[in-house]
Amino acid sequence: MVIKTENGRVVSPFSCGIDTRNGKMDDYDTHVQRYLGKLASMFSDPEAAETYLKKNGDVLIYEVYEKDIPEADGEIRFCSSITCPGKIGGEYFMTKGHFHSRPDTAELYYCTSGWGFMLMEKESGEYAIEEMYPGRAVYVPGYYAHRSINTGDQPLISIPVYPGDAGHDYSSIEKSGFRHIVIEKNGKPQVVENPRYGKMSG
Ligand code: F6R
Ligand code: MN
């Protein structure tokens, strides 16, 4: 179903289904799929990523189904975010992560399936990590970069809801990464400092 817009705004009420078990959205407008081949440098051990690629070929790390709601002040955008299970050199599969282009905008993630974490970090160094599991809502305040991390063995599915004009700013994460990463240690997820923080690219 096409969302009708007038002056860049949604003017017709609509509804859509999101399957809480597999994350599929009915009548989505955009489907983004991010594969390891293009995300290898985001992991703290890019060599392990290259080895993984050689052994397994390219694999899907996460995908997002979206409605094309205008990126305008006053609108609410929402999607379905699905992070696959897996690890690269002990680091769990995760989303790229981003700040919002309008940095003061917050976001709410409602988890419907799977198990994992939301890692949130401010430029100033403050950070927080919240668990994600079915029925759990995570509030990401403004000014926090955020990334979902799948520490389980099933897809981690959540529905992010955020202001229309929030936007995505991936640049500093691509360049510097997050200060923290989540890795498996003795069979359990553990938050540790990112050895490549500040030098993810180059
Ligand atoms: C929107 C938002 C989510 C993510 C999605 C994919 O502000 O936070 O919809 O965009 O979970 O993650 P990224 O954007 O980091 O690739
Ligand atoms: Mn966001």
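So the numbering used here is basically just the index in the sequence shown, starting at one, shifted up by 123. Just so you know, even glycine gets a beta-carbon here, dropped at the ideal spot from N, CA and C.
Let's see if you can read the secondary structure: which residues bound the beta strand (DSSP E) around residue i?
i	result
PRO226	From DSSP, PRO226 is part of no beta strand (DSSP E); its letter is neither H nor E.
PRO312	311-316
ASN130	Element bounds for ASN130: n/a, residue is neither H nor E.
SER271	267-273
LYS308	303-308
LYS245	239-245
What I want to know is whether the C-beta of residue i ends up closer than 7 Å to one or more non-hydrogen atoms of the ligand NAP.
i	result
PRO193	With respect to the ligand NAP, the structure offers nothing, as its ligand set consists of the ligand F6R and the ligand MN.
Answer with buried or exposed for residue i, where buried requires no fewer than 16 other C-beta atoms within 10 angstroms of its C-beta.
i	result
LYS161	exposed
LYS190	buried
PHE137	exposed
TYR262	exposed
VAL133	buried
THR174	exposed
Is the CB-CB distance between residue i and residue j below 8 Å?
i	j	result
GLY209	PHE201	no
ASP181	TYR158	yes
ILE126	ASP168	no
LEU176	GLN156	no
Using CA atoms only, rank isn't needed, just tell me which of the options is closest to residue i.
i	options	result
LYS298	GLY146, ASP149, SER164	SER164
LYS308	GLY213, TYR256, ILE272, ALA268	GLY213
SER204	GLY146, TYR256, ARG270	GLY146
ASP227	ASP288, PRO283, GLN156, GLN277	ASP288
GLU198	ARG319, GLY321, SER135, ALA268	SER135
HIS154	THR174, GLU129, VAL187	VAL187
Using a Cβ-Cβ cut-off of 7 Å (strictly less than) and excluding sequence neighbours within five positions of residue i, which residues of its own chain qualify?
i	result
THR235	THR143, PRO257, ILE280, SER281, ILE282
THR106	Since the first residue shown for the chain is 124 and the last is 325, residue 106 is missing from the structure and cannot be characterised.
In terms of residue numbering, what span does the alpha helix (DSSP H) encompassing residue i cover?
i	result
THR174	169-179
ILE296	294-299
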